[in-house]
Amino acid sequence: MQIIQAVKTDKKTIKRFYKSNHYSARFIGDDVCYFIQNDNTAEQELIACVIISYQQSTPFLHALVVNKDYRSKGLATSLVSHCQQQFQQITCFVELPLTKWYLQQGFELTYKQQLATKLASRLLAYQQKSPFLQSLIWQK
131 MQIIQAVKTD KKTIKRFYKS NHYSARFIGD DVCYFIQNDN TAEQELIACV IISYQQSTPF
191 LHALVVNKDY RSKGLATSLV SHCQQQFQQI TCFVELPLTK WYLQQGFELT YKQQLATKLA
251 SRLLAYQQKS PFLQSLIWQK
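Each residue of the sequence shown is one higher than the last, beginning at 131 in this note's numbering.
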């Protein structure tokens, strides 16, 4: 299984993947999306995906989803590692139960005050629904 950078023609397939995994994600113009597909099936179904959006020139990792049938196989780790090879810095927001996993991937906790203005506003908006959401940053 290899990590593939999505192109425009992959957009519908990616949206279907997120919908079938009960995840709402937008994939817009400047976003970079990486995915892994199962090469052992005729349809080469997507089994893991991540999106990097730019927020005030800051790469923002979100929508890291692995199909439940393929979890605990290192696919999320592979996708995050691939992103870390592509970017100098990555910011993300995570729910408390996932914080430890991201820390193991080299991310560090960061404060709202350290975020770009739009990211800080986005975090505050998300925290209205998920008060324990945390911001993390990874840097080379």
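Virtual Cβ for every residue (Gly too), placed ideally from N, Cα, C.
Ranked by Cα distance from Q218, the first of G204, I182, K242, L233 is I182.
In this structure, A136 lies near Y164, with their beta-carbon atoms less than 8 Å apart. Under DSSP, the beta-bridge partners assigned to L266 are C222, L239. Q269 sits away from L226, with the two beta carbons spaced by 8 Å or more. Here T139 has no same chain residue with a Cβ atom under 6 Å from its own Cβ, once five neighbours each way along the sequence are excluded. Shortest Cα-Cα distance from Y241 to any of L228, W231, T221 involves T221. Proximity to I177 across G159, F190, F147 peaks at F147, based on C-alpha coordinates. The residue among L254, Q243, R252, Q215 with its C-alpha nearest the C-alpha of Q235 is Q215. A distance below 6 Å between beta-carbons, with the five flanking residues on each side excluded, links Q257 to the following residues of its chain, in chain order: L263.
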